[in-house]
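Protein chains: 2
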Amino acid sequence: MVDIQSSELDLLFYALSDPTRRQILSKLNEGVSTVGGLAGPFRMSLAAISKHIKILEKANLLHRKKLGRIHECSINPGALKSAEACIQFYTQFWNEKLDDFAEHLEREGKTKIEIKNRKRNR
Amino acid sequence: MVDIQSSELDLLFYALSDPTRRQILSKLNEGVSTVGGLAGPFRMSLAAISKHIKILEKANLLHRKKLGRIHECSINPGALKSAEACIQFYTQFWNEKLDDFAEHLEREGKTKIEIKNRKRNR
DNA sequence: TAATTACTTAACCATTAAGTTGACTAATTA
DNA sequence: TAATTAGTCAACTTAATGGTTAAGTAATTA
Chain A
1 MVDIQSSELD LLFYALSDPT RRQILSKLNE GVSTVGGLAG PFRMSLAAIS
51 KHIKILEKAN LLHRKKLGRI HECSINPGAL KSAEACIQFY TQFWNEKLDD
101 FAEHLEREGK TKIEIKNRKR NR
Chain B
1001 MVDIQSSELD LLFYALSDPT RRQILSKLNE GVSTVGGLAG PFRMSLAAIS
1051 KHIKILEKAN LLHRKKLGRI HECSINPGAL KSAEACIQFY TQFWNEKLDD
1101 FAEHLEREGK TKIEIKNRKR NR
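Those protein sequences? They're chains A and B, same order as listed. Sequential numbering from 1 applies to the first sequence in our numbering. Sequential numbering from 1001 applies to the second sequence in our numbering.
(1) Whose C-alpha, out of A/N29, A/G31, A/G68 and A/C73, is nearest the C-alpha of A/S50?
(2) Against chain B, which members of the region 12-25 of chain A pass a CB distance test of less than 9 Å?
(3) Express the C-alpha separation of B/L1025 and A/Y90 in angstroms, rounding to a whole number.
(4) Looking at the strands, I want to know which residues DSSP matches up with B/H1071.
(5) Can you give me the start and stop residues for the alpha helix (DSSP H) that A/E61 sits inside?
(6) Would the beta-carbon of B/I1087 fall within 9 Å of that of A/I87?
(7) Give me, in chain order, the residues of the same chain whose beta-carbon lies closer than 7 Å to that of A/I70; leave out the 5 immediate sequence neighbours on both sides.
(8) For a contact meaning CB atoms closer than 8 Å, what does B/E1084 contact in chain A?
(9) Is the CB of A/N29 under 9 Å away from at least one CB in chain B?
(10) Please say whether B/I1053 and B/Y1014 have beta carbons closer to each other than 9 Å?
(11) Let me make sure I understand the geometry here. Which of A/P41, A/L28 and A/L9 has the alpha-carbon closest to that of A/H63?
(12) In chain A, which residues lie less than 7 Å from B/L1080 when you measure between Cβ atoms?
(13) Examine chain B for any beta-carbon lying closer than 9 Å to the beta-carbon of A/S50, and answer yes or no.
(14) Taking only beta-carbon positions, decide if B/S1007 is within less than 9 Å of chain A.
(15) May I ask you to report which of helix, strand or coil DSSP gives B/I1024?
(16) Enumerate in chain order the residues of its own chain whose CB-to-CB distance from A/L38 is below 8 Å, with the five nearest sequence positions on each side excluded.
(17) Cα separation between B/K1058 and B/V1032?
(18) So, with DSSP's three-state summary, where would you put A/S45?
(19) Could you pull the start and end residues of the alpha helix (DSSP H) that B/G1036 belongs to?
(20) Return the CA-CA distance between A/D10 and B/K1066, expressed in angstroms with no decimal places.
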């Protein structure tokens, strides 16, 4: 089960709640980049991007490797697994509810229903 | 593909970034509840919980049904799908990278590797 | 009708966030 | 060595967050 209290999740979801930071992650999905490289497309200052990167780093979503004066940033998807698990905890429960409801209807002798657009990998 | 700029995601991830709000969602996973019922286990004021509920509602994670003076709250997992998709956009890309790397090693005639703890449902 | 219950809203406070600019450090290049 | 480059850090402003209490509203109960 997911630890609902985890402050790791606080940092994670908080980091993901900003569009600039999601854009940075998106860019890192295309490959590694430097701080300046990541700052490129944005109109805000380098210092601002530097702060965003630190937040992503703290959330364990980004890894930094110092090569001389250049900081090579890469995405670190490990932390995303926690977020995914947390979200799936809620959606999975909902899927179970739907299954229960379908079973209930069946027991009641009502029309058999088919629920679409939903994973059934229990 | 996921819209990285979406302000819907801002609201969603922001709503999920607070432990109190995640606890409320967790409780709603066990069934519907009133505002007062949700506030019960917390030491903070009802007004504070009321605010949290409004944030969850705005993020489309919670649905409210007014029955007289009672507000019946239920979890609305639809919005979670967006968050899940967004996260899977990143993790999936990472999985592809690993696959590419594995293929690269194979092409190079190196030892065949097996990557564990990872979904391979491409 | 009066009191209570279930909530929301408003006003407030302390803390944090996101951005700025300017000064700083350390690595590289001329 | 001097200048430039890559990035951080500190100080500051403005706005938003998360909590409080007190007052207000509408539904229910006595």
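Backbone N, C-alpha and C define an ideal beta-carbon position, used for all residues, glycine too.
Walking through what the data contain:
(1) A/C73
(2) L12, F13, Y14, A15, L16, S17, D18, P19, R22, Q23 and L25
(3) 8 Å
(4) B/K1066
(5) The question names Glu, yet the displayed sequence has Leu at residue 61 of chain A. It is not in any alpha helix (DSSP H) - A/L61 carries neither H nor E in the DSSP assignment.
(6) yes
(7) T34
(8) E84, I87, Q88 and T91
(9) yes
(10) no
(11) A/L28
(12) I87, Y90 and T91
(13) no
(14) yes
(15) helix
(16) I24, K27, L28, I49, I53 and C73
(17) 18 Å
(18) coil
(19) V1035 to A1039
(20) 31 Å
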